[in-house]
Amino acid sequence: MGKVKLLLWDPCWLLLPIIAFPATTELIREPLGLVYIISSSNYPIVGLSLEPIIGAIAAGNVVVLKPSELAPTCSAVVASVINKYLASKAIKVFQGGVSVSQQLFQQKWDKIFFTGSDGAEIGGHHKHASAVNEFEGNVEIGGHDKPVSEDVEA
């Protein structure tokens, strides 16, 4: 059987402005490598665990997922489903608390993707790990913009 080629991975030529003539450019997509995804407790299954995994694996990366310890039942479900249906060479799931996260942060990563509200602690580990290992990171700590609603009589 012939090798299946995905259009996504084929190099493609990009159009440049006329001012760049006679230059040419070619877009070649390459995976980053080893991606560490830390999911949050407020959308522990679909939104903030599986979506980044899908993108990372589709781009050809190997993924390590650390689900939130604040949602242990959801963490167990995610780990069970991933271990049952996805290749163990493509993704590993590590469950546990802060000590597990700290050990994982000490590894060499090509990218870390974190979404959550505890930006002070995790963000500090993220900054330290990125400085030491020089990797690309994505941190979203929107939990610090919580809306406040008060009952006010008019």
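When you line the sequence shown up against mature numbering (1 follows the signal peptide of the UniProt record, and there is no 0), it's residues -25 to -1, 1 to 129, in that order. Cβ coordinates follow ideal geometry from the N, Cα and C atoms, glycine included.
Residue range of the beta strand (DSSP E) that Tyr11 falls in?
As a first step, residue 11 is located in the sequence shown; it is residue number 36 there, counting from the start. 9 to 13 is the extent of the beta strand (DSSP E) around Tyr11.
Quick check: the Cα distance between Cys(-14) and Glu5, rounded to an integer number of angstroms?
Start at 1 with the first residue of the sequence shown, and residue -14 comes out as number 12. Start at 1 with the first residue of the sequence shown, and residue 5 comes out as number 30. Cys(-14) and Glu5 have their C-alpha atoms roughly 13 Å apart.
Trp(-13) bridges to which residues according to DSSP?
Locating residue -13 in the sequence shown gives position 13, counting from the first residue. In the DSSP output, where bridge partners are listed per residue, Trp(-13) has Glu1.
Any chance the segment 40 to 56 sits against the segment 10 to 19, with 3 or more Cβ pairs inside 8 Å?
yes
What do you get for Ala31, buried or exposed, if any count of 16 or more other CB atoms within 10 angstroms of its CB means buried?
As a first step, residue 31 must be located in the sequence shown, where it is residue number 56. With 16 or more Cβ atoms within 10 Å of its Cβ, Ala31 is classed as buried.
If we call anything under 7 Å between Cβ atoms a contact, is Lys86 one with Leu(-12)?
In the sequence shown, counting from the first residue as 1, residue 86 sits at position 111. In the sequence shown, counting from the first residue as 1, residue -12 sits at position 14. Not in contact: Lys86 and Leu(-12) (Cβ atoms no closer than 7 Å).
Skipping 5 residues on each side, what residues in its chain have a beta carbon closer than 6 Å to that of Ser50?
Indexing the sequence shown from 1 puts residue 50 at position 75. Within the same chain, Ser50 has close Cβ partners Pro42, Gln70.
I need the boundaries of the beta strand (DSSP E) containing Phe88, first residue and last residue.
The residue you call residue 88 lines up with position 113 of the sequence shown. Residues 86 to 90.
Using only the alpha-carbon positions, how far apart do Lys67 and Leu45 sit?
The count along the sequence shown starts at 1 and reaches residue 67 at position 92. The count along the sequence shown starts at 1 and reaches residue 45 at position 70. Roughly 19 Å between the two C-alpha positions.
Whole angstroms are fine: how far does the CA of Ala62 sit from the CA of Ser55?
Residue 55 sits at position 80 when you count from the first residue of the sequence shown. Residue 62 sits at position 87 when you count from the first residue of the sequence shown. Cα to Cα, the separation comes out at about 13 Å.
Beta-carbon separation of residue 150 and Thr90 under 7 Å?
There is no way to answer for residue 150, as the model of the chain reaches only from -25 to 129.
Can you tell me where the beta strand (DSSP E) holding Val67 begins and where it ends?
Stepping through the sequence shown from its first residue, residue 67 is reached at position 92. What sits at residue 67 in the sequence shown is Lys, not Val. First-last of the beta strand (DSSP E) with Lys67: 66 to 68.
What does DSSP give as the partner residues of Val56 in its beta bridges?
Residue mapping note: residue 56 aligns to position 81 of the sequence shown, counting from 1. Bridge partners of Val56: none, in fact.
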